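Visitor: Anchor point for the sequence shown: position 114 equals 137 in the working numbering, and the numbering is continuous, going up by one each time. Glycine included, every Cβ here is placed at the ideal spot set by N, Cα and C. The structure presented is a predicted model; accordingly, all values stated were derived computationally and were not measured. Before we start, here is the structure in question, set down as structure tokens.
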Amino acid sequence: PTCEQMLQRAEFAKELKQPIIMHDYLTAGFTANTTLARWCRDNGILLHIHRAMHAVIDRQKNHGIHFRVLAKALRLSGGDHIHTGTVVGKLEGERGITMGFVDLLRENYVEQDKSRGIYFTQNWASLPGVMAVASGGIHIWHMPALLEIFGDDSVLQFGGGTLGHP
Numbered sequence: 024p025t026c027e028q029m030l031q032r033a034e035f036a037k038e039l040k041q042p043i044i045m046h047d048y049l050t051a052g053f054t055a056n057t058t059l060a061r062w063c064r065d066n067g068i069l070l071h072i073h074r075a076m077h078a079v080i081d082r083q084k085n086h087g088i089h090f091r092v093l094a095k096a097l098r099l100s101g102g103d104h105i106h107t108g109t110v111v112g113k114l115e116g117e118r119g120i121t122m123g124f125v126d127l128l129r130e131n132y133v134e135q136d137k138s139r140g141i142y143f144t145q146n147w148a149s150l151p152g153v154m155a156v157a158s159g160g161i162h163i164w165h166m167p168a169l170l171e172i173f174g175d176d177s178v179l180q181f182g183g184g185t186l187g188h189p
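Right under this line is the structure:
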């Protein structure tokens, strides 16, 4: 769809009194994402960001863009939540690195810590943060680990891992 169709769909969601819209910022592009993020803020609707296709970009060892860079680009572009992986479950990743980019999304000030993939101190000042969403193959038995890892400043999204395999 075009950006115009994207905004028409957003208007339709607003007419239906939906509190949140899900959008894929990688497939739509940063300009489309910024357009929708501003529209959502102006209209009191949350923008949940999906990251389909990210693995093609960020999981390549010899080329690509690390997700920490994509996460920072999203924070600049706009969004309220984003899928960040889980450390446990299907979309697991290295804990230190995952929490490094989670902190880049939600904290105003992040100290350099190379063990977490933070190569220089970063001051986000008053730029709004993005809520981390842990999703991907998680179920109720992951709850203690997820709360210990992400804390209460996160969203835990239980889908197929719970509904498909209760």
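Can you tell me which residues form a DSSP beta bridge with Met-29?
Guide: Paired residue(s): none; Met-29 is not in a bridge.
Visitor: Check whether the stretch 114-123 touches the stretch 56-70, taking contact to mean three or more Cβ pairs, one atom from each stretch, closer than 8 angstroms.
Guide: Touching, no, given that fewer than three Cβ pairs across the two stretches are closer than 8 angstroms.
Visitor: Is it the case that the Cβ atoms of Val-178 and Ile-105 are separated by a distance below 7 angstroms?
Guide: No, these two residues do not count as a Cβ contact at 7 angstroms.
Visitor: How would you call Met-122, buried or exposed, if buried means at least 16 neighbouring beta carbons within 10 angstroms?
Guide: Answer is buried; the Cβ neighbour count reaches 16.
Visitor: Three or more beta-carbon pairs under 8 angstroms between the stretch 94-113 and the stretch 124-143, yes or no?
Guide: Touching, yes.
Visitor: Counting Cβ pairs closer than 8 angstroms, one from the stretch 136-151 and one from the stretch 159-176, do we hit at least three?
Guide: The stretch 136-151 is not in contact with the stretch 159-176.
Visitor: Does the distance from the CB of Arg-91 to the CB of Leu-128 come in under 7 angstroms?
Guide: Against a cut-off of 7 angstroms, the Cβ pair of Leu-128 and Arg-91 comes out as no contact.
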